[in-house]
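Colleague: Reading the sequence shown from the start, the letters are residues 491 to 702 in the numbering used here.
First the structure, then my questions, so here it is.
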Amino acid sequence: MLKDVHRIFPSFESELLENLEKAAEFKIFEPGEEIVKTGQYFKSILLVLEGMIKVYREDDEGNEYFMYYLEPGQACSLAMIPTGRREKSEVMGKVVNNTTVIAVPPECMDQWMFKYKTWYEYVLDSHRSGFEKLLATFDHTAFKTMDSKLIHYLRLQQEMHKSNNFQVNKAEIARELNSSREVISRLMKKFTEKGMIKVMKKQFIEIINLDF
Numbered sequence: 491m492l493k494d495v496h497r498i499f500p501s502f503e504s505e506l507l508e509n510l511e512k513a514a515e516f517k518i519f520e521p522g523e524e525i526v527k528t529g530q531y532f533k534s535i536l537l538v539l540e541g542m543i544k545v546y547r548e549d550d551e552g553n554e555y556f557m558y559y560l561e562p563g564q565a566c567s568l569a570m571i572p573t574g575r576r577e578k579s580e581v582m583g584k585v586v587n588n589t590t591v592i593a594v595p596p597e598c599m600d601q602w603m604f605k606y607k608t609w610y611e612y613v614l615d616s617h618r619s620g621f622e623k624l625l626a627t628f629d630h631t632a633f634k635t636m637d638s639k640l641i642h643y644l645r646l647q648q649e650m651h652k653s654n655n656f657q658v659n660k661a662e663i664a665r666e667l668n669s670s671r672e673v674i675s676r677l678m679k680k681f682t683e684k685g686m687i688k689v690m691k692k693q694f695i696e697i698i699n700l701d702f
């Protein structure tokens, strides 16, 4: 397991890697599992070793508002706060595919901030990256047309799956983009007619060219 941690976090000092293996807990989750819920306290800082986690918010009516994805090497910056300021989560985290995380105790995060330069830099980079992702999502949801939002969503899926072929769920897309299934279906048909995507069997699509 230490080899995998070193591969995903190559900048971490050897001593930090050893302490990670000793103090942290390695957890495996399956697709669809919720690992963070609104209102619960962050019991640990989750570093993604393998797989992907979708971070989103949910309103009082159960509508989902997508924020960003966490990929291998990344962590939820909202959980990276000092031990004395433990706060309740205002977001939800759902596993996208088979995912392995490193659960770091909050007290270790505080200690390592002073002891390891690479950990200090990692925490700062996580906060910066999380903020930049939120800004990018806000730009696409607040100022773009639904066509542009859907194209942005499909590009994210393309990057996430590292493939031009992947499965989509129109109802889920509608929830994440705060739209309706009918609107998403109409746009997908429009993209197909323009040659931007190709719809295949079992809800799979192929990305042809999204730069229209």
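Note that CB positions come from ideal geometry on N, CA and C, so glycine has one too.
For residue 512 and residue 504, I'd like the C-alpha separation in whole angstroms.
Modeller: 13 Å
Colleague: Tell me which residue opens and which closes the alpha helix (DSSP H) that residue 471 is part of.
Modeller: With the chain covering only 491 through 702, there is no way to say anything about residue 471.
Colleague: By the three-class DSSP mapping on this structure, what secondary structure does residue 444 have?
Modeller: Because the chain spans 491 through 702 in this model, residue 444 falls outside it and cannot be assessed.
Colleague: Buried or exposed: where does residue 678 fall if 16 or more other Cβ atoms within 10 Å of its Cβ makes it buried?
Modeller: buried
Colleague: Can you round the beta-carbon distance between residue 590 and residue 502 to whole angstroms, since I take them to be within the 8 Å contact cut?
Modeller: That belief does not hold up - the Cβ atoms of residue 590 and residue 502 are roughly 17 Å apart, past 8 Å.
Colleague: Give every residue of the same chain whose Cβ lies closer than 8 Å to the Cβ of residue 548, excluding the five residues on either side of it in the sequence, and list them in chain order.
Modeller: 528, 554, 555, 582
Colleague: Less than 6 Å between C-beta atoms, sequence neighbours within five positions excluded: which residues of the same chain meet that for residue 498?
Modeller: 539, 562, 563
Colleague: Looking only at its own chain, which residues have a Cβ that is under 7 Å from the Cβ of residue 686, when we skip the five neighbours before and after it?
Modeller: 698, 699, 700, 702
Colleague: Would you kindly work out how many angstroms separate the C-alpha atoms of residue 460 and residue 663, rounded to a whole number?
Modeller: Residue 460 lies beyond the stretch modelled for the chain, which goes from 491 to 702, so this question has no answer here.
Colleague: Alpha carbons only, please: which of 508, 524, 558, 570 is nearest the one belonging to residue 537?
Modeller: 570
Colleague: Confirm, please, whether the CB-CB distance from residue 544 to residue 531 is below 7 Å.
Modeller: With respect to the 7 Å criterion, residue 531 and residue 544 are not classified as neighbours on the basis of their beta carbons.
Colleague: On the three-state DSSP scale, how would you describe residue 540?
Modeller: strand
Colleague: Please state the DSSP three-state secondary structure of residue 657.
Modeller: strand
Colleague: For a quick check, are the C-beta atoms of residue 675 and residue 688 less than 7 Å apart?
Modeller: no
Colleague: If the criterion is Cβ atoms closer than 7 Å, does the pair residue 696 and residue 654 meet it?
Modeller: yes
Colleague: DSSP on residue 514, reduced to helix/strand/coil?
Modeller: coil
Colleague: Could you pull out every residue in the same chain whose Cβ sits closer than 6 Å to the Cβ of residue 656, ignoring the five residues on either side in sequence?
Modeller: Cβ within range, chain order: 647.
Colleague: For residue 690, which residues of its own chain have a beta-carbon under 8 Å away from its beta-carbon, when the five flanking residues on both sides are left out?
Modeller: 655, 696
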